[in-house]
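Engineer: Handing you this structure, nothing more for now.
Number of protein chains: 4
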Amino acid sequence: MSDNSFGHLFRVTTWGESHGPAIGCVVDGCPPRIPLSETDIQPFLDLRKPGQSRFTTQRREADEVRILSGVFEGMTTGTPISLMIENTDQRSRDYSEIAERYRPGHADVTYDMKYGHRDYRGGGRSSARETASRVAAGAVARKVLAYVLGEGVRIRAALTRIGDVAVEAARWDWDEVRRNVLFCPDSGVVPLWETLLGEVRKAGSSIGAVVEVRAEGVPGGLGAPVYGKLDSDLASALMGINGVKGVEIGDGFAVAGLRGEQNADPMRMREGRVVFGANHAGGVLGGISTGQEIVARFAIKPTSSILTEVPSVTRGGEEVQVSTKGRHDPCVGIRAVPVAEAMMACVLADHALRHRGQCG
Amino acid sequence: MSDNSFGHLFRVTTWGESHGPAIGCVVDGCPPRIPLSETDIQPFLDLRKPGQSRFTTQRREADEVRILSGVFEGMTTGTPISLMIENTDQRSRDYSEIAERYRPGHADVTYDMKYGHRDYRGGGRSSARETASRVAAGAVARKVLAYVLGEGVRIRAALTRIGDVAVEAARWDWDEVRRNVLFCPDSGVVPLWETLLGEVRKAGSSIGAVVEVRAEGVPGGLGAPVYGKLDSDLASALMGINGVKGVEIGDGFAVAGLRGEQNADPMRMREGRVVFGANHAGGVLGGISTGQEIVARFAIKPTSSILTEVPSVTRGGEEVQVSTKGRHDPCVGIRAVPVAEAMMACVLADHALRHRGQCG
Amino acid sequence: MSDNSFGHLFRVTTWGESHGPAIGCVVDGCPPRIPLSETDIQPFLDLRKPGQSRFTTQRREADEVRILSGVFEGMTTGTPISLMIENTDQRSRDYSEIAERYRPGHADVTYDMKYGHRDYRGGGRSSARETASRVAAGAVARKVLAYVLGEGVRIRAALTRIGDVAVEAARWDWDEVRRNVLFCPDSGVVPLWETLLGEVRKAGSSIGAVVEVRAEGVPGGLGAPVYGKLDSDLASALMGINGVKGVEIGDGFAVAGLRGEQNADPMRMREGRVVFGANHAGGVLGGISTGQEIVARFAIKPTSSILTEVPSVTRGGEEVQVSTKGRHDPCVGIRAVPVAEAMMACVLADHALRHRGQCG
Amino acid sequence: MSDNSFGHLFRVTTWGESHGPAIGCVVDGCPPRIPLSETDIQPFLDLRKPGQSRFTTQRREADEVRILSGVFEGMTTGTPISLMIENTDQRSRDYSEIAERYRPGHADVTYDMKYGHRDYRGGGRSSARETASRVAAGAVARKVLAYVLGEGVRIRAALTRIGDVAVEAARWDWDEVRRNVLFCPDSGVVPLWETLLGEVRKAGSSIGAVVEVRAEGVPGGLGAPVYGKLDSDLASALMGINGVKGVEIGDGFAVAGLRGEQNADPMRMREGRVVFGANHAGGVLGGISTGQEIVARFAIKPTSSILTEVPSVTRGGEEVQVSTKGRHDPCVGIRAVPVAEAMMACVLADHALRHRGQCG
């Protein structure tokens, strides 16, 4: 048991605080002989990197990853892959206030409840900065998936809603996602979001969002009944991203309003394989992949760091008003998009190896 | 790693198929010297038991639990507790059709994709019958919680929505939940649901639902950052219940529409302790409990076994129409209510021991 | 983490006390479509069964195993296999003395130190009776090995020493092992052991022993560097058998007296494969199997239950003399032989699946 | 499951190869608020460091440890502690020969059997260099033990035998161990060993050894029955050290020759506590600590790198003679002494937290 590890056969252990010397992760269980170098990882880190638009935090991090072990002559060896990202923008400032005053909506108060001692600089371990390690591990997971399941596996995420403005399914265009800094698949919505975010930022406020992540080309048979369910592990993976408060697979909460006939995904044969006439299930039945696209979605709360004063307390028990200044993402959902892809990749890589272990 | 185990220090391993001789579980890691007997477990199994109203399957199971180990002279010994429930109503019937034809929405097709061999009688391992083992384990978890955290911990679930008919928060009455067979906290809604379910059943159809589960009296500090988050484990636990397609903590998906000010839970001091002015977070911040009520919610799809014919295929690749007759719950959400409580109890018991292990 | 589970992908969880209603285990992770029935398991239990000669305890147990789940139409399904053995000879007696007085060399005192409460009847959970569950799991592991690695894998153990009388390597005959009730591979030694054991039993004493276990036909490549070493897992498995105080791989402690030249296993090519000119390593280099025979050995202490009075104390802190009467094995090493085979089989089955998971 | 992690609640994951940029480990599960800095760790690394005498490899490594996370303002935070040691003496040389020719007794051949690809520079992951990470983790474990169990816990190891020359129990002096570079507790033996090692080194050979490790001040009750046995975990930990082929607890293999009366550790009361009149058991009964000194011992084979030519093969299947030149320890047992202490500390720290988790 490790509270900082994820996965079983493809196992990721992350470490590091926002303002320590570095953050990183150890990826254990990676199959040998997979070509891997920093250039396979860096592009994904670059997508998550802060400071890329006026809608994300202005902290400047190079987020340059280094492979410290587990790769030799350009190929994985099967031994643990240690990845490290140095923290370069540890802007020197006075943390005495944040050390004492609990920021509402942040983990400050709960860390103190649990540990009685915390690295408060920039949120320490609870900083979204930790997700850079996940993105790095996710890049390795993609290589594993290509190696074990074939090049057909494709994992993509998009921001589908900010506040009350959602993309339209009919206008969904995956190519569009990488064209705008908001990871939006609907070009018509981009200007609306830009306006909305501009207004939110100006008000010193923040706003919630929804991210959708899909995996194509995953064969049927991954996952397991009962406690090793693919969707159960996905739910854990996505709920574990900072600020996430809800997770859906396939139709998600909409199933509550459906009748059996409406929810059934009919099956037919095509070229000797089972195909489905719909995908209400989101690619998972009984915890096991169906061979359809795997579809997951999550809601992420508005950034808790806002200018508006909120009643709070200090470590010493004094009642105060807290207003959080500084470099913050007005909508953390944006930078959660590459993290969502990474977590999906890690879950699938783990299940691909688990399936191979048990079923050959 | 075990695909049939849940939890780390309070660890439950379930086994058994719907129509085998018995089902059961092994509960490992239970602290010693906790009073425990079958009478602590049976009442919870009775709540989940089929055949208790016209709205659940008419299968008749006594669901009598036996403690086979780990308890001596009425107290837990700290060694594994083996619980067994015999399957008594294994109605002899012809399964040849179900063996060959994949029931849409069921795990039939994915089990065959994974294992190439399955116990198809009554759904085998993917039957909701497996949840009886969870309920039994959950009863033990409640005893652990009372022993470790004190008698103040109270875990309760209710059905809050069937189809489009939801309970009203203002009319929520916990006492009402045990008074009706639908686990409904709003007496005004009960007759509406009865009418709706009667109609659904008559039509040979089924319908989706939402369950809410809450835990009072949980101290702050349970859970852990990153991958050992309390809400992450809850999401996994609830998504792992048969038919669940979405999970929320606190405000859940509604957070997507909120601004930072709306989502912040202000803090004040009362009698030397931190109290919150709201609970949008559902009792968890940064993966760690705040001391507030823990609030989770999940959506469960309509039972896939319906009379209406749905296009499907056989194991041999023949296209067929499948209509499922037999004894089925028109709304599996009803009997999921005691299962929801059990999973919440198991997650909390595990985290209570984990916290004690690391932080004393 | 479960203190009563062993293995990762092939994972065994045992439960049950000596004088409870039953003992058993859950085997999780078994590949699907392996033919399995009680008749594959029972012969191994029969070898371990008490009461088969005057040199083992006279307790009479049928040790009949029942498969409660995970097997359908004669084949494993990939879901957990629940195995149960009822305790039939729970001779009613007065346990008040054993409840209060700590038997020297037994776990009585340490269970009370740890748990403050224990099932003292017949040793409860610390009884050698628990090893029946291991033997049952081991029988399943053998089937897995045959299925995954081929029929060539052969696991055999023998008793190689009782007291100061050891078998001679030159006279080792595997066929002899099943011909005598002492699992002795050297027919010349059998009468010496019989005389020795007769004398020990008559004196109300007991005696230590050494068991050797070997696995033929294991391919190179199983195991992993650092903490997943094959020999590390074997050491854990064998040291975990009741009464074991030392474990060796290959030359074992004798390596301390060797020079590098004496310890080197030279390599040559034969029919395109690497073969070794010696096996000082016992089939494991750097934690990974070499393809040679895997050779392990362990020493087991004399049964602690003896007639001779030994100074001891009671739970209440009174000083007493304890003499243990009753039905005991004068040499627990004898019945440890089938247990040794079972543990070797479990370790290898687990590593075979782990290797397949990571390396394909 | 991670093949590079050790422990459950106090969990260490190591990474890194001999000639990569660095090695290190992540220590997860450490309790918060324990004072910790590099100066708590460095002295133990210095003891293990190569190049300290003419009897160890002349590789020059500073082995300077850096804490990258998990410590703030001089105290552990409860989040993962990342420790890194840079490899400074990566002497540039031609590895083409070692890349192709399997060194007998080394893991070269088995790594290729398993992975088909390995970092062969200096043994890569199978290098004894990996044990530096263990020593670093062990230093943290000592702090945990002092914090959780009190300052009375003392873990010490010594070299007790080289070749056929063993220390005498009667002349054992712990103070002597740190006075000589051979970690020898018997001053009379030191010159004999020096002569022996000089001769071995001159002959280009190597020699085996025995290490003993003891833990004083461990309370009764640590460990668990069946598969969580304290001695089972110790056996795994010690067998996992490079080159170890045998492990003993207490009397070890000598128990095979004992009668029940000789092996019994009698109990008496002293100042209200149970005390034992002997310690044949080595401080563990039924897998649980007795409160006596915990005594373990292991045999380590002669270094496989010797000048004498040994028949071997190449990756390509050519038969060759291999003679290993270079900077090697003639007796790896010497530098295994601080590693033995580290592994004992890690096992105990893990069990201390596990016991607290389950039993409070």
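Chains as they are written, first to last, in the numbering used here: chain L, 1 to 360; chain X, 1 to 360; chain A, 1 to 360; chain Z, 1 to 360. All C-beta atoms in this analysis are idealised placements derived from N, C-alpha and C, irrespective of residue type, glycine included. All figures in this text were calculated on a predicted structure; none of them were measured in a lab.
Please determine if the region 306 to 322 of chain Z and the region 94 to 109 of chain Z are in contact, where contact requires at least 3 C-beta pairs separated by less than 8 Å.
Structural biologist: Enough Cβ pairs lie closer than 8 Å, so yes.
Engineer: Relative to chain C, which residues along the region 100 to 114 of chain A have a C-beta separation below 9 Å, given in chain order?
Structural biologist: Among the protein chains of the structure shown, namely L, X, A and Z, there is no chain C.
Engineer: If you drop the 5 nearest sequence neighbours on each side, which residues of the same chain put their C-beta closer than 7 Å to that of Z:V189?
Structural biologist: For the purposes of this step, residue 189 of chain Z is taken as residue 189 along the fourth sequence, with counting starting at 1. Answer for Z:V189: V165, V167, listed in chain order.
Engineer: Looking at A:G138: is its Cβ nearer than 8 Å to the Cβ of A:A342?
Structural biologist: Translated into the one-based positions of the third sequence, residue 138 of chain A becomes position 138. Translated into the one-based positions of the third sequence, residue 342 of chain A becomes position 342. Result yes, Cβ atoms of A:G138 and A:A342 sit closer than 8 Å.
Engineer: Quick one: list the residues of chain L neighbouring X:Y227, beta-carbon separation under 7 Å, in chain order.
Structural biologist: On the second sequence, position 227 is the one that residue 227 of chain X refers to. Within 7 Å Cβ-Cβ: D3, N4, S5, F6, G240.
Engineer: Return the chain-ordered list of same chain residues with a C-beta closer than 7 Å to the C-beta of Z:T56, the five sequence neighbours on each side being excluded.
Structural biologist: As a position in the fourth sequence, residue 56 of chain Z is number 56, starting the count at 1. Excluding positions up to five away in sequence, the list reads P50, D329, I334, R335.
Engineer: Which residue marks the beginning of the beta strand (DSSP E) containing A:A22, and which one marks its end?
Structural biologist: Here residue 22 of chain A corresponds to residue number 22 of the third sequence, with the count starting at 1. Where A:A22 is concerned, the enclosing beta strand (DSSP E) stretches over 22 to 28.
Engineer: Per the DSSP calculation, Z:Q52 is bridged to which residue(s)?
Structural biologist: As a position in the fourth sequence, residue 52 of chain Z is number 52, starting the count at 1. Bridge partners of Z:Q52: none, in fact.
Engineer: Measuring alpha carbon to alpha carbon, tell me which residue in A:P266, A:R297, A:S323 is nearest Z:A264.
Structural biologist: In the fourth sequence, counting from the first residue as 1, residue 264 of chain Z sits at position 264. Z:A264 has its Cα closest to that of A:S323, out of A:P266, A:R297, A:S323.
Engineer: Between L:R134 and the rest of its own chain, which residues show a CB-CB distance below 6 Å, the 5 nearest in sequence each way excluded?
Structural biologist: As a first step, residue 134 of chain L is located in the first sequence; it is residue number 134 there, counting from the start. Excluding positions up to five away in sequence, the list reads V339, A342.
Engineer: Given this structure, state the Cα-to-Cα distance separating L:G221 from L:G360, to the nearest angstrom.
Structural biologist: Counting from one through the first sequence, the residue named residue 221 of chain L turns up at place 221. Counting from one through the first sequence, the residue named residue 360 of chain L turns up at place 360. Whole-angstrom Cα-Cα distance: 12 Å.
Engineer: With a floor of 4 residues, list each alpha helix (DSSP H) that falls wholly inside the region 317 to 347 of chain Z, ordered by position along the chain.
Structural biologist: With a minimum length of 4 residues, no continuous alpha helix (DSSP H) run stays inside the region 317 to 347 of chain Z.
Engineer: A:K245 by DSSP, collapsed to three states: which one?
Structural biologist: As a first step, residue 245 of chain A must be located in the third sequence, where it is residue number 245. Strand.
Engineer: Could you tell me the alpha carbon to alpha carbon distance between L:D46 and L:V244, rounded to whole angstroms?
Structural biologist: On the first sequence, position 46 is the one that residue 46 of chain L refers to. On the first sequence, position 244 is the one that residue 244 of chain L refers to. Distance between the alpha carbons of L:D46 and L:V244 is about 22 Å.
Engineer: Counting contacts by CB-CB distance shorter than 8 Å, is X:Q292 in contact with chain Z?
Structural biologist: Numbered from its first residue, the second sequence carries residue 292 of chain X at position 292. Not one beta carbon of chain Z lies nearer than 8 Å to the beta carbon of X:Q292.
Engineer: Restricting to Cα atoms, I'd like to know which of L:T79, L:M1, L:L9, L:I34 is closest to Z:S18.
Structural biologist: For the purposes of this step, residue 18 of chain Z is taken as the residue at position 18 of the fourth sequence. Checked all of L:T79, L:M1, L:L9, L:I34; the closest Cα to Z:S18 is L:T79.
Engineer: CB-CB under 6 Å to L:F183, same chain, minus the five flanking residues each way: which ones, in chain order?
Structural biologist: The residue given as residue 183 of chain L occupies position 183 in the first sequence. Around L:F183, the same chain offers A158, L159, V177, V337 as residues with beta carbons nearer than 6 Å, after the five sequence neighbours per side are excluded.
Engineer: Which residues in chain X have a C-beta closer than 9 Å to the C-beta of Z:P35? List them in chain order.
Structural biologist: Along the fourth sequence, read from residue 1 onward, the residue named residue 35 of chain Z stands at position 35. The contacting residues do not exist; Z:P35 stays about 16 Å from chain X at best.
Engineer: How many Å lie between Z:A62 and Z:E86 at the Cα?
Structural biologist: Along the fourth sequence, read from residue 1 onward, the residue named residue 62 of chain Z stands at position 62. Along the fourth sequence, read from residue 1 onward, the residue named residue 86 of chain Z stands at position 86. Going by the C-alpha atoms only, they are around 8 Å apart.
Engineer: Short of 7 Å in beta carbon distance, which residues of its chain neighbour L:K301, apart from the five on each side in sequence? Order them along the chain.
Structural biologist: Reading the first sequence from its first residue, position 301 is the one you call residue 301 of chain L. G208, G243, K245.
Engineer: Given X:A107, which residues of its chain have a CB within under 6 Å of its CB, disregarding the five upstream and five downstream residues?
Structural biologist: One-based indexing of the second sequence puts residue 107 of chain X at position 107. Same-chain partners within the cutoff: S126.
Engineer: Spatial neighbours of X:T131 within its chain, please: C-beta separation below 6 Å, excluding the five flanking residues on both sides.
Structural biologist: As a first step, residue 131 of chain X must be located in the second sequence, where it is residue number 131. So the list reads V339, once near-sequence residues are dropped.
Engineer: Is the beta carbon of X:V26 less than 8 Å from the beta carbon of A:T13?
Structural biologist: The sequence position of residue 26 of chain X within the second sequence is 26, counting from 1. The sequence position of residue 13 of chain A within the third sequence is 13, counting from 1. Yes, the Cβ-Cβ distance between X:V26 and A:T13 is below 8 Å.
Engineer: Tell me the rounded alpha-carbon separation between X:P185 and L:V200.
Structural biologist: By 1-based counting over the second sequence, the position of residue 185 of chain X is 185. By 1-based counting over the first sequence, the position of residue 200 of chain L is 200. Straight-line measurement puts the Cα of L:V200 at about 38 Å from the Cα of X:P185.
Engineer: How many angstroms separate the CA atom of L:A136 from the CA atom of L:H351?
Structural biologist: Along the first sequence, one-based indexing puts residue 136 of chain L at 136. Along the first sequence, one-based indexing puts residue 351 of chain L at 351. Looking at the two C-alpha atoms, the distance is approximately 19 Å.
Engineer: Just to check my reading of the structure: A:A349 and A:F10 have Cβ atoms closer than 8 Å, yes? What is that Cβ distance to the nearest angstrom?
Structural biologist: Your numbering for residue 349 of chain A matches position 349 in the third sequence. Your numbering for residue 10 of chain A matches position 10 in the third sequence. That pair is a contact at about 4 Å.
Engineer: For A:G122, count the other beta carbons within 10 Å of its own beta carbon; 16 or more makes it buried, fewer makes it exposed. Which is it?
Structural biologist: Against the third sequence, residue 122 of chain A aligns to sequence position 122. When all chains shown are included, A:G122 counts as buried.
Engineer: From X:R60, X:M84, X:R48, pick the residue whose C-alpha is nearest to that of X:E38; which is it?
Structural biologist: To locate residue 38 of chain X, count along the second sequence from 1; it is residue 38. Nearest option by C-alpha distance: X:M84.
Engineer: By Cβ distance below 8 Å, which residues in the same chain neighbour L:R154 in space, the five residues on each side in sequence not counted?
Structural biologist: Mapped onto the first sequence, residue 154 of chain L falls at position 154. Cβ within range, chain order: A215, E216, G217.
Engineer: Residue ranges of each beta strand (DSSP E) run of no fewer than 3 residues wholly in the region 41 to 123 of chain X, ordered along the chain?
Structural biologist: 65 to 67, 81 to 86
Engineer: Could you check what DSSP says for X:E199 in three-state terms: helix, strand or coil?
Structural biologist: For this step, residue 199 of chain X is matched to residue 199 along the second sequence. DSSP places X:E199 in helix when its eight states are reduced to three.
Engineer: Return the first residue and the last residue of the beta strand (DSSP E) that L:A157 is part of.
Structural biologist: Here the question's residue 157 of chain L lines up with position 157 in the first sequence. The continuous beta strand (DSSP E) containing L:A157 extends over residues 154 to 162.
Engineer: Just how far apart, CA to CA, sit Z:A224 and Z:S2?
Structural biologist: Counting from 1 along the fourth sequence, the entry for residue 224 of chain Z is found at position 224. Counting from 1 along the fourth sequence, the entry for residue 2 of chain Z is found at position 2. C-alpha separation (whole angstroms): 22 Å.
Engineer: For A:S312, report the span of its beta strand (DSSP E) as first-last.
Structural biologist: The residue labelled residue 312 of chain A in the question sits at position 312 within the third sequence. First-last of the beta strand (DSSP E) with A:S312: 310 to 313.
Engineer: From L:P219 to L:G357, what distance separates their C-alpha atoms?
Structural biologist: Residue numbering aside, residue 219 of chain L sits at position 219 when the first sequence is read from its first letter. Residue numbering aside, residue 357 of chain L sits at position 357 when the first sequence is read from its first letter. Approximately 16 Å, taken between the alpha carbons.
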